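Scroll down for the structure; my scribbles are underneath it.
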Amino acid sequence: MGKLSMAAASILCMALAALAAVGEAAVVEHTFVVHEMNETHLCNTTKIYVVNGQFPGPQIDVTEGDTVVVRLVNRLPHGLTIHWHGVRQIRSCWADGAGFVTECPLPPGGDHTYRFNVTGQVGTLWWHAHVTCLRATINGAIVIRPRDGKYPFPTPAKDVPIIIGEWWQLDLVELDRRMADGNFDDNPLSATINGKLGDLSNCSGVPEESFVFDVEPGQSYLLRIINTALFSEYYFKVAGHTFTVVGADGNYLTPFETDMVTVAPGEAIDVLMAADAPPGHYHMIALANQPPLPDPQIPVFISRGLIRYAGVPNDNNGLPVPVPIMPNQHNTMPSFYFHNKLTGLAYPERHRVPMHVDERFFITLGLGSICRDPTKKVCKRRRSNETIVVATMNNVSFHPPTTTSLLERYYDGTGKGVYTEDFPEHPPRPYNYTDRAMIPPGPLEEVLEPTFKATKLRRFKYNTSVEIVFQSTALLQSDSNPMHLHGYDFFVLAQGLGNFNPKRDVYKFNYHNPQVRNTVQVPRTGWAAIRFVTDNPGMWYLHCHFEFHIVMGMATAFIVENGPTPETSLPPPPPEYKRCGANGLSQP
Ligand code: C2O
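Residue numbers (the working numbering): 14 to 601.
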């Protein structure tokens, strides 16, 4: 054997050995039975919707490259879909589970199988119902472990999901109905950590149960922090401990030290926490933030949990349990700083930012009004009861279909009359987007008209480089907006406060090691710039992950055409896919 072929043979041997060591990709199967269940909190029993009797729902554990098969059995009196939030669904858009976007909801009594691969992603994602508000209780973690078992950080002793959510004492379908009718006065009763309200909430003196996490002194733990809440961004802290942020949305980050994590709805943040404090008990707190006055105010949502060191008696040796000092809930700047400081752990191959842009969008996230009576073009404005307030992207409020799915229509070539492909690249006219005088009840309609309620999508050729600058506006209660794109990870090039200024702000773009995300928290009265290449054909929902923003129409969908080869094309719907209209598949 010549020198070269010897080298080749030994490389081959090494490769084979590595393959054997890491194991074959597996098929991970679950059955999700969705049903109603009564749960009592704060002295009241509420009917909630859950998977397999669990709130939060079952965790899906996979190794990178595995196939996931979930059989969904719907025992609810409502239609249902499940979305695998952040799973790229390469060439499997049919399994994306976005109600009326990629499929019609599964009717009561039905069952449906989702099948997809989890490739090229590692860390934490999650799943949730994707019709109406059901995701408040129908959700759970997806944990993807590296195939070679190696992390780019010291291997943690254990990992634990920290699922931040909300407790609603209201039927979630009813909540959706009320929101769709323009009623936004409903609020959850409490925040939850892994379904627990925590001991800061009580009814007639009986405290609610807290989430408790037991640790061994000296060990390090991977906390997978997921925000499943319908409404709020959360601050999360543990007294006496700091975190190293190591990943987000199924991608690694440059390790970043902080004592607080901020997590917006739709985001999943992985942090390492060393149990290196003097052994004892320590409180953890999840606290919702909100804009200050003059924005309309919501109650304080908080859940408190506990870290317990092994060997410490239940009374913590008679000592008070330290409580983390939280920022003022009206101060949203810590969120901006946190999100702004994250960078991606650079991988030369997958993580190369496209340096040219084929299609450029500037998208304002705002508010407008339309006539309540859709046959009318003219009606009384200024929040009269002839109008309905809607959320918009470039003045378009998304009107989802209610009896068909956009993906099927596109695939069949029967989209005409259901959607158009003219989602605008910019708002109809520029204005001072972040002018505080526009915070409601400011001069809304005057600034923004015209507003459209329509199904305006956008179509891209395969391999198009797309840049989007999202601009949060002072309208819509000057909220931040966690914008989530299905089927893609994108580079977050920069974030800023105030109005985006292309001349000045492009110099802030990070082309070197930007974070790779599926959800970007567009700061309150600020902007965020993202870039991605359309390498995954299908119909992909883009929306704000605040539920009331979705219900009000802050959404659109991107059509990505097939590439030139079968490997770059969306295959036909798999046998298990149920088409709209078949077996009564339509509205809830
Ligand atoms: Cu978690 Cu369409 O989103």
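All C-beta atoms, glycine included, are put in the ideal place defined by N, C-alpha and C.
Keep in mind the model is a prediction, meaning the values are calculated, not measured.
Where Met339 falls: helix, strand or coil (DSSP): coil
query: Do Leu506 and Arg544 have their C-beta atoms within less than 7 Å of each other?
result: yes
message: Suppose contacts are defined by Cβ-Cβ distances below 7 Å. Is Gln508 in contact with Pro536 by that definition?
response: yes
Helix, strand or coil at Glu187 according to DSSP, with G and I counted as helix: helix
- request: Please list, following the chain, all residues that have a C-beta closer than 7 Å to any non-hydrogen atom of the ligand C2O.
  value: His96, His98, Ala111, His141, His143, Gly279, His497, His499, Tyr554, His556 and His558
- prompt: Excluding five sequence neighbours on each side, which residues of the same chain lie with their C-beta closer than 6 Å to the C-beta of Glu462?
  reply: none
task: Whole angstroms is fine: what's the gap from Arg104's alpha carbon to Val156's?
output: 21 Å
message: In this structure, how does DSSP classify Leu583 when only helix, strand and coil are distinguished?
response: coil
Nearest candidate by alpha-carbon position, reference Phe166, set Gly66, Ser223, Gly211 and Leu358: Leu358
query: Looking only at its own chain, which residues have a Cβ that is under 7 Å from the Cβ of Pro292, when we skip the five neighbours before and after it?
result: Pro230, Tyr322, Gly324 and Val325
Contact belief for Phe504 with Val529 at Cβ below 8 Å, rounded distance in angstroms: 6 Å
query: Any idea which residues DSSP pairs Ser203 with across the strands?
result: Trp180
query: When burial is assigned at 16 or more other CB atoms within 10 Å of the CB, is His98 buried or exposed?
result: buried
- request: Could you work out which residue in Gly78, Met50, Gly92 and Thr44 is closest to Pro71 when comparing CA atoms only?
  value: Thr44
- prompt: Helix, strand or coil for Pro90 per DSSP?
  reply: coil
- prompt: If Tyr295 sits next to Val251, beta carbons under 8 Å apart, how far is it from one beta carbon to the other, in whole angstroms?
  reply: 6 Å
Given Tyr234 as reference, the closest of Leu266, Ala404 and Pro169 once Cα atoms are compared: Pro169
Glu37 beta carbon less than 7 Å from that of Val82: no
query: Hey, how far is the Cα of Asn531 from the Cα of Val135?
result: 13 Å
- prompt: If you count every other CB in all the chains shown that lies within 10 Å of the CB of Thr58, and 16 or more means buried, which is it?
  reply: exposed
- prompt: Roughly how far, in whole angstroms, is the beta-carbon of Ile1 from the beta-carbon of Arg317, given that I think they are within contact range, below 8 Å?
  reply: This structure cannot settle anything about residue 1, because the visible part of the chain is limited to 14 through 601.
query: Excluding the five sequence neighbours on either side, which residues of its own chain have a C-beta within less than 6 Å of the C-beta of Gly78, listed in chain order?
result: Ala38, Thr132 and Arg160
- prompt: Hey, would you say Thr94 sits closer than 7 Å to Cys106, going by beta carbons?
  reply: no
task: Output the distance between the C-alpha atoms of Asn512 and Cys593, rounded to the nearest integer angstrom.
output: 42 Å
- prompt: If you run the structure through DSSP and keep just helix, strand and coil, what is Cys216?
  reply: strand
- request: Report buried or exposed for Arg449, applying the criterion of at least 16 other Cβ atoms within 10 angstroms of its Cβ.
  value: exposed
- prompt: Looking at C-alpha atoms only, which residue of Thr137, Tyr127, Glu49 and Lys60 is the closest neighbour of Pro121?
  reply: Glu49
task: Identify every run of the alpha helix (DSSP H) within the region 396-468, keeping only runs that are complete inside it and at least 4 residues long; order them along the chain.
output: 419-425 and 457-461
message: Could you tell me the alpha carbon to alpha carbon distance between Pro495 and Pro278, rounded to whole angstroms?
response: 7 Å
message: Can you confirm whether the region 563-583 touches the region 403-410 when touching is taken to mean that 3 or more C-beta pairs between the two stretches lie within less than 8 Å?
response: yes
field: Host alpha helix (DSSP H) of Met565 (start-end)
entry: Glu560 to Met565
query: For His369, which residues does DSSP report across the bridge?
result: DSSP lists no partner for His369.
message: Going by beta-carbon coordinates alone, are Phe249 and Ile239 separated by less than 7 Å?
response: no
- prompt: Less than 6 Å between the CB of Val573 and some heavy atom of the ligand HEM, yes or no?
  reply: The model depicted lacks the ligand HEM and carries the ligand C2O instead.
field: 8 Å contact criterion, which Phe571 and Phe465 should meet: CB distance rounded
entry: Incorrect: roughly 18 Å between the Cβ atoms, too far for contact.
field: For Phe5, the three-state DSSP class (helix, strand or coil)
entry: Lying before the first or after the last residue shown, residue 5 is absent from the chain, which here runs from 14 to 601.
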